[in-house]
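What follows is a set of notes on a single structure, which appears directly below.
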């Protein structure tokens, strides 16, 4: 059964203008060591606020595909610690109320498989390197209350991260995306307004879009979508596209070596709207904005864009908790 769609909740976003450590500390419980399980972040920010994953359930450490699959598909809340490299042969479904977290900087998912977050709620994926999927590295569909944090995603056959089909209440924070053409899709089809027009509320904050050619993200229908304090470097085609009546607030981001930071419409998809505030452009175009975007329903502060590059490159990706 599909999960119940819930409306965005009011939540405080902590993103101060201090240095990397201060900004990171606002999101993390400090003290994770390289040979210990990663500390869970205190709370997600933005639209994914309130996501708790496996909190309150047992903790299990896994190091092979069979144990991993059994743990992430078990009933009830559970914290699943990934120790070492796990080779998955296909897209592996994650059940509701799960935290899947890498141990130190060593938790890896590879082997042609990826993570499928489908028709569930309350899932955290954190501190993992996920690479080489024959499909998407991470697929999210018909799901709510999802937090993807401090992961490194690269080299998928399709997309690094696809969010689609009525998914809602999601935060994508402190991830390092690289080695990818079609990177982060939000909304999969121009003909899916019936499911998506009142969903796809996502916060993208403090991510490093590192040479990812396009879809950073490519947005359909979601309004508002919040693109906050991310670092874009060497983006070949375009950064953000707002299409099919989506509304995207692009705020406090650092664009470097990116000719087309953001625009309205994409390919055969009709335009959405973009409001752009306080972004920094280094050897880059200045983007195409237009129209109005629905208000962001949570309190937050914006780190000045000029300092975002050092903050994000110092803190984004697996092994940075």
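Numbering (the numbering used here), first residue to last: 179 to 499. Even for Gly, the Cβ is constructed at its ideal location relative to N, Cα and C.
Between the CA atoms of residue j and residue i - distance to the nearest angstrom
i           : j           : result
residue 357 : residue 390 : 6 Å
residue 306 : residue 258 : 12 Å
residue 280 : residue 335 : 23 Å
residue 467 : residue 248 : 46 Å
residue 339 : residue 347 : 15 Å
residue 341 : residue 461 : 30 Å
residue 458 : residue 319 : 33 Å
residue 429 : residue 244 : 42 Å
residue 231 : residue 383 : 19 Å
residue 242 : residue 345 : 29 Å
residue 262 : residue 283 : 9 Å
residue 485 : residue 368 : 36 Å
residue 409 : residue 425 : 20 Å
residue 434 : residue 488 : 12 Å
residue 294 : residue 317 : 5 Å
residue 277 : residue 304 : 8 Å
residue 411 : residue 272 : 32 Å
residue 476 : residue 233 : 23 Å
residue 207 : residue 499 : With a pLDDT of 32 at residue 207, under the threshold of 50, the predicted position of this residue should be treated as unreliable, and no value is reported.
residue 496 : residue 388 : 14 Å
Contact set for residue i: own chain, Cβ-Cβ below 6 Å, skip 5 residues either direction
i           : result
residue 413 : 436
residue 315 : 292, 308, 331, 334 and 338
residue 427 : 402, 404, 453 and 471
residue 237 : 257
residue 455 : 429
Simplified DSSP state of residue i, which is helix, strand or coil
i           : result
residue 429 : strand
residue 487 : helix
residue 389 : coil
residue 225 : helix
residue 384 : coil
residue 473 : coil
residue 263 : strand
residue 468 : strand
residue 492 : helix
residue 272 : coil
residue 481 : coil
residue 363 : strand
residue 346 : strand
residue 317 : strand
residue 278 : strand
residue 300 : strand
residue 399 : coil
residue 309 : strand
residue 340 : strand
residue 419 : strand
residue 351 : strand
residue 435 : coil
residue 237 : strand
Residue span of the beta strand (DSSP E) that contains residue i, given as start and end
i           : result
residue 453 : 451-455
residue 411 : 409-411
residue 499 : Where residue 499 is concerned, there is no enclosing beta strand (DSSP E), given that its DSSP letter is neither H nor E.
residue 325 : 322-327
residue 356 : 354-356
residue 378 : Careful: residue 378 lies outside any beta strand (DSSP E) and carries neither H nor E.
residue 332 : 330-332
residue 288 : 286-288
Integer Cβ distance of residue i from residue j, believed to fall under 8 Å
i           : j           : result
residue 349 : residue 224 : 5 Å
residue 491 : residue 386 : 6 Å
residue 417 : residue 439 : 5 Å
residue 514 : residue 379 : Outside the displayed span of the chain (179 to 499) sits residue 514, for which this structure offers no information.
residue 394 : residue 362 : 6 Å
residue 354 : residue 483 : The Cβ separation is near 19 Å, so there is no contact.
residue 255 : residue 285 : About 19 Å separates the two Cβ atoms, so there is no contact after all.
residue 250 : residue 274 : In fact, because the Cβ distance is near 11 Å, the residues do not count as touching under 8 Å.
residue 374 : residue 396 : With 8 Å as the limit, residue 374 and residue 396 do not qualify as a contact, their Cβ atoms being about 13 Å apart.
residue 420 : residue 451 : 6 Å
residue 447 : residue 422 : 5 Å
residue 327 : residue 296 : About 19 Å separates the two Cβ atoms, so there is no contact after all.
The alpha helix (DSSP H) enclosing residue i, as first and last residue numbers
i           : result
residue 372 : 371-374
residue 243 : 243-250
Neighbourhood of residue i by C-beta, 7 Å cutoff - its chain only, sequence neighbours within 5 removed
i           : result
residue 359 : 391 and 392
residue 229 : 222, 300, 302, 323, 324 and 325
residue 311 : 290, 291, 292, 334 and 335
residue 474 : 402, 404 and 427
residue 226 : 323, 324, 325, 347, 348, 349 and 381
Contacts around residue i, its chain only, beta-carbon distance under 8 Å, and the 5 residues preceding and following it disregarded
i           : result
residue 246 : 240, 258, 260, 264, 266 and 270
residue 377 : 183, 344, 345, 346, 399 and 400
Chain D contact for residue i (CB, 7 Å cutoff)
i           : result
residue 251 : The question asks about chain D, but that chain is absent: this structure has only one protein chain.
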